[in-house]
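*Asks:*
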Amino acid sequence: MILMTGATGHLGSATIEFLLQKLPASQIAALVRDASKAASLQAKGVDLRVGSYDDPAALDQAMRGVEKVLLIAGTDEDHRVQQHQNVADAARKAGVQWLGYISRTLKNRATMANQLMEGHFQTEDYIKANGLAYSLFRNVLYLDAVPQFVGLNVLDTGMYLPAGVGKVPFALRREMGEAIATVLAAGGGAKPVYQLTGSASYSFADVAAVLTELSGQTVKYTAAELPAFAQSLQARGLPDLVVQRIAGFLADIKNGQEDEVSPDLERLLGRKPATLREGLKELYQLR
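Dropping the structure here:
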């Protein structure tokens, strides 16, 4: 039995869909906070187990009969490290054989600008010391996140970002879900660490060039300075904390924190991951 947490989120949903192609639904369970929001999973035969990362007793119940757990990071940034520890503790108590955790690809923990990512490293440290067999899935920034940074109207507005010439080997979230499902469904032999990235790195100037080619409209990328960029976000009414987080993501890209290509995703998929062109064509629904 495999227990999926975060089962109704984007990555969790994608991973379950691919798992269902590899395993009977009777071998898949989903930890959900609200069963009514997971009716589609239940209809497919997935076993719903109701609970939250904050409820150790519910986690203990959810772990019954489970051999593998995939832990997708919680969204409560102030408490999620403790929440992740609760899941790891419940898995150990229940005799779970393997714990997977969705982490992030960043080169240097000591120099990263986005301190929100520190929670991932703290969780990794805890899992390594927990005593369970484990795999850390260090995912690169999703290609699906590009529209969030540059906007859905980028063909008209262009790009104004403080990312310099920094590059990212973007990958589609659904392909990551497919790769993770492959590891989950395998009988054994999982690696301790998977770096899930695309096969090539791209800058936002590359993103602009591809969008220009696909759309026939000139899309310009302007490498902004951080203070001016932050002011533009504040002028749009974004809270200071949100501005800091967005700026942190982009500063790490500028500083090369994400620019590390790994063959792991390609090997797990058995094919090349989607290119930047293929991904942007899909995300922006361009011909």
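Note that the UniProt record's numbering numbers the sequence shown so that position 192 is 192, with each residue one more than the last. Glycine is no exception: its CB is placed at the ideal position from the N, C-alpha and C atoms. In this text, all values refer to a predicted model and were calculated from it rather than measured experimentally.
Are there three or more Cβ pairs, one per stretch, closer than 8 Å when the stretch 143 to 154 is compared with the stretch 114 to 132?
*Replies:* These segments do not touch.
*Asks:* Just list the residues that DSSP pairs Thr222 with in beta bridges.
*Replies:* Translated into positions along the sequence shown, residue 222 becomes position 222. Answer is Tyr160, bridged to Thr222.
*Asks:* Taking 7 Å as the limit between beta carbons, can you name the residues of its chain near Arg104, skipping five residues before and five after?
*Replies:* Taking the sequence shown and counting its residues from 1, the one referred to as residue 104 is at position 104. Closer than 7 Å at Cβ, skipping near neighbours: Met117, His120, Arg138 and Asn139.
*Asks:* Where Ala25 and Ala205 are concerned, what is the direct C-alpha to C-alpha distance, given to the nearest angstrom?
*Replies:* Looking up residue 25 in the sequence shown gives position 25. Looking up residue 205 in the sequence shown gives position 205. Each residue's alpha carbon lies about 44 Å from the other.
*Asks:* Which of helix, strand or coil does DSSP assign to Ile72?
*Replies:* As a working mapping, residue 72 is identified with position 72 in the sequence shown. In the structure shown, Ile72 sits in coil (DSSP, three-state: anything other than H, G, I, E or B).
*Asks:* Out of Lys22, Gln122, Gln115 and Met4, which one is the CA nearest neighbour of Arg245?
*Replies:* Locating residue 245 in the sequence shown gives position 245, counting from the first residue. Out of Lys22, Gln122, Gln115 and Met4, Gln115 has the C-alpha closest to the C-alpha of Arg245.
*Asks:* Would Gly256 and Phe170 qualify as a contact pair, given that the criterion is a beta-carbon distance under 8 Å?
*Replies:* Counted from its first residue, the sequence shown places residue 256 at position 256. Counted from its first residue, the sequence shown places residue 170 at position 170. No, the pair does not count as a contact, with Cβ atoms beyond the cut-off.
*Asks:* Here's the rule: buried if 16 or more other CB atoms are within 10 angstroms of the residue's CB, otherwise exposed. What is Lys254?
*Replies:* Numbered from 1 along the sequence shown, position 254 holds the residue referred to as residue 254. With 16 or more other Cβ atoms within 10 Å, it is buried.
*Asks:* What is the DSSP secondary structure of Tyr126, counted as helix, strand or coil?
*Replies:* Taking the first residue of the sequence shown as 1, we reach residue 126 at position 126. Note: Tyr126 maps to helix in three-state DSSP.
*Asks:* Could you spell out the range, first to last residue, of the alpha helix (DSSP H) harbouring Ser262?
*Replies:* Counted from its first residue, the sequence shown places residue 262 at position 262. Counting along the chain, Ser262 falls outside any alpha helix (DSSP H), and DSSP gives it neither H nor E.
*Asks:* When the Cα of Gly6 is compared with those of Glu258, Ser232, Gly177 and Pro192, which residue comes out closest?
*Replies:* Residue 6 sits at position 6 when you count from the first residue of the sequence shown. It is Gly177.
*Asks:* Pull up the distance between the alpha-carbon of Gly164 and that of Leu241, whole angstroms please.
*Replies:* For this step, residue 164 is matched to residue 164 along the sequence shown. For this step, residue 241 is matched to residue 241 along the sequence shown. Answer to the nearest angstrom: the Cα atoms are 22 Å apart.
*Asks:* Just how far apart, CA to CA, sit Met112 and Leu3?
*Replies:* Along the sequence shown, one-based indexing puts residue 112 at 112. Along the sequence shown, one-based indexing puts residue 3 at 3. So the alpha carbons of these two residues sit roughly 32 Å apart.
*Asks:* Taking buried to mean at least 16 other C-beta atoms within 10 Å of its own C-beta, is Glu213 buried or exposed?
*Replies:* Locating residue 213 in the sequence shown gives position 213, counting from the first residue. Exposed: under 16 other Cβ atoms inside 10 Å.
*Asks:* Does the stretch 11 to 27 come close enough to the stretch 80 to 87 to have 3 or more Cβ pairs within less than 8 Å?
*Replies:* Result no; under three Cβ-Cβ pairs closer than 8 Å.
*Asks:* Where does the unbroken beta strand (DSSP E) through Arg104 begin, and where does it stop?
*Replies:* The residue given as residue 104 occupies position 104 in the sequence shown. Element bounds for Arg104: Trp98 to Arg104.
*Asks:* In terms of alpha-carbon separation, which member of Met1, Gly158 and Ile28 lies closest to Gly95?
*Replies:* If you number the sequence shown from 1, residue 95 lands on position 95. Residue Met1 is the option with its Cα nearest to Gly95.
*Asks:* Tell me which residues share the same chain as Val46 and place their Cβ nearer than 6 Å to its Cβ, disregarding the 5 neighbours each side in the sequence.
*Replies:* The sequence position of residue 46 within the sequence shown is 46, counting from 1. Around Val46: Ala25, Ile28 and Ala30.
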